[in-house]
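Enquirer: Position one of the sequence shown corresponds to residue 791 (our numbering), numbered consecutively onward. Supplied in structure tokens, the structure appears directly below.
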Amino acid sequence: MVLCALLASVVAVLAFSANSARGAATLPPNFARSQVVGGLASPTAMEFAPDGRLFVAEQRGTLRVVKAGGNLATFLDISGRVHSAGERGLLGVAFDPGFPNNHYVYLYYTQRATGTTPAHNRVIRVTARGDRAVAGSKKLILRLNNLSSATNHNGGAIHFGEDGKLYVAVGDNAKGENAQSLRNLKGKMLRINKDGTIPQYNPFYNRATGRNRAIWTLGLRNPFSFAIQPHTGKMFINDVGEQTWEEINRGAAGANYGWPRYEGYESNPRYRSPVFAYRQGSTNTTGCAITGSAFYNPTTRQFPRGYVGDYFFADFCSGWIRRLDSATGDVSGFATGLSSPVALKVSKGGSLYYLSRGDGAGSVGKIRYTGT
């Protein structure tokens, strides 16, 4: 990550050159970590399929499947279509709630400019057959606005909610005013039906027009990651800050998180203040780019009972993972010394997986509880 592209002139988040110093990794007592797979090329996102397979997106436009023994299969290669300069690229992956029957996989990526068509972000759907995408199955679900020459602030995370709708996080394309406008999709959280149509009960459906009716929240800068808690549907959005604060925001229909008018905590009732925000810096409680996000609500609990319902989040620059009690708001440390973490996931079996950009080659690590 180039530390001048994302956080204005001070630090940047996802132009992706890992250059912060880190010591040896540390974990709480009775926890251990292991490497699941290495050799990834600039990974950006990961997601478990309903059948338990782990898929990892690489920025250049390849979607990989992690196989037994740490081997990698290429599910899809759209690198010829993807513009991966700066923070652009293949940035998000999600599985249809009906995946066991329809085998649909959704991707968020930056489409490179072609002819007179400028570069833009988009969501597509492909059909899986085993560890490969079916040739010719690509379907455009959502085309986002044309991008400016700025290659940062793309957002990119996509997840299905408990309501069956697809939520799409979009950055402001390095222009803060976009985040407050209902005339474009930048700097927003979007909510669409899985076929790309727009739900009529979206909060701005009657105020916006065309595809802008997909806007669900506004006032975001670069929501690179978010997570939805199983069963409750609670959403926490990680918004990368500019020069002062990194935010965790509670997703709510119609909410305005205030960017670019402020970042961090705010008392103005017009805007929704973060659930938690931390200052920028280089310690075990500060950082410069909030990235990974995962609620600990696995099918089978592997961590101690006190972790259930907690929200894990990471910082790319400082290389730590912390945990937030989503009921009380209390925050505590969990792991330090990781190499540029960009994504977190909890497996059905209850282990915490983290995706690292690394200093050269990316990898997936696994943290499990070893106590009794």
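Where is the CB? At the ideal position from N, CA and C, for every residue including glycine. Here the structure is a predicted model, which is why all the values come from computation and not from measurement.
Taking R889 as part of the alpha helix (DSSP H), name the residues at either end of that continuous run.
Expert: Before going on, a small fix: residue 889 reads as Phe here, not Arg. Element bounds for F889: F889 to N892.
Enquirer: Can you give me the Cβ contacts of A947 inside the same chain, cut-off strictly under 6 angstroms, excluding the 5 residues immediately before and after it?
Expert: Contacts found: G882, A959, S1015 and F1016.
Enquirer: State the beta-bridge partners of A1104 as determined by DSSP.
Expert: The partner list for A1104 (beta bridge, DSSP) reads I1111.
Enquirer: Three or more beta-carbon pairs under 8 angstroms between the segment 1047-1064 and the segment 1101-1114, yes or no?
Expert: With the cut-off at 8 angstroms, the segment 1047-1064 and the segment 1101-1114 do not touch.
Enquirer: Use the C-beta contact count for G926: other C-beta atoms within 10 angstroms, 16 or more gives buried, fewer gives exposed.
Expert: Its Cβ having fewer than 16 others within 10 Å, G926 is exposed.
Enquirer: Alpha carbon to alpha carbon, how far is F1085 from G905?
Expert: Rounded to the nearest angstrom, the two C-alpha atoms are 43 angstroms apart.
Enquirer: Along the chain, where does the beta strand (DSSP E) that runs through G829 open and close?
Expert: Its beta strand (DSSP E) spans residues F821 to L830.
Enquirer: Please report the distance separating the alpha-carbon of T864 from that of Y1052.
Expert: Going by the C-alpha atoms only, they are around 42 angstroms apart.
Enquirer: I think Q901 touches H943, with their Cβ atoms under 8 angstroms apart; what is that distance to the nearest whole Å?
Expert: About 17 angstroms separates the two Cβ atoms, so there is no contact after all.
Enquirer: Runs of 3 residues minimum, wholly inside the segment 1008-1067: which ones carry the beta strand (DSSP E) assignment?
Expert: Within the segment 1008-1067, the complete beta strand (DSSP E) runs of at least 3 residues are 1015-1018, 1025-1029 and 1035-1040.
Enquirer: Where do the ends of the beta strand (DSSP E) carrying L934 lie?
Expert: Counting along the chain, the beta strand (DSSP E) containing L934 begins and ends at K929 to N936.
Enquirer: Look at N1028 and K976 and say whether their C-beta atoms are less than 9 angstroms apart.
Expert: The answer is no: Cβ separation not under 9 angstroms.
Enquirer: Residues bridged to Y1159 by DSSP?
Expert: F821.
Enquirer: When you compare only the Cα positions, how much space is there between F806 and S832?
Expert: Reliability of the predicted coordinates at F806 is poor, the pLDDT of 42 falling under 50, and the value obtained from them is presented with this limitation in mind. Cα to Cα, F806 sits roughly 7 angstroms from S832.
Enquirer: Would you kindly work out how many angstroms separate the C-alpha atoms of P908 and G879, rounded to a whole number?
Expert: Roughly 15 angstroms separates the two Cα atoms.
Enquirer: Got a sec, what are the start and stop residues for the beta strand (DSSP E) R981 sits in?
Expert: Here the beta strand (DSSP E) through R981 covers K978 to I982.
Enquirer: Evaluate contact between the segment 1060-1073 and the segment 989-999, counting only Cβ atoms and requiring at least three cross-stretch pairs below 8 angstroms.
Expert: Touching, no.
Enquirer: If I follow the unbroken beta strand (DSSP E) through T1081, where does it start and stop?
Expert: Where T1081 is concerned, the enclosing beta strand (DSSP E) stretches over I1080 to F1085.
Enquirer: In or out: E848 buried (at least 16 other Cβ within 10 Å) or exposed?
Expert: The residue is buried, with at least 16 neighbouring Cβ atoms inside 10 Å.
Enquirer: For Y1097 and F1026, which I take to be in contact (beta-carbon distance under 8 angstroms), what is that distance rounded to the nearest angstrom?
Expert: Actually they are not in contact, since the Cβ atoms of Y1097 and F1026 sit about 16 angstroms apart, beyond 8 angstroms.
Enquirer: Starting from T852, follow the beta strand (DSSP E) in both directions and report where the run begins and ends.
Expert: That run of the beta strand (DSSP E) goes T852 to V856.
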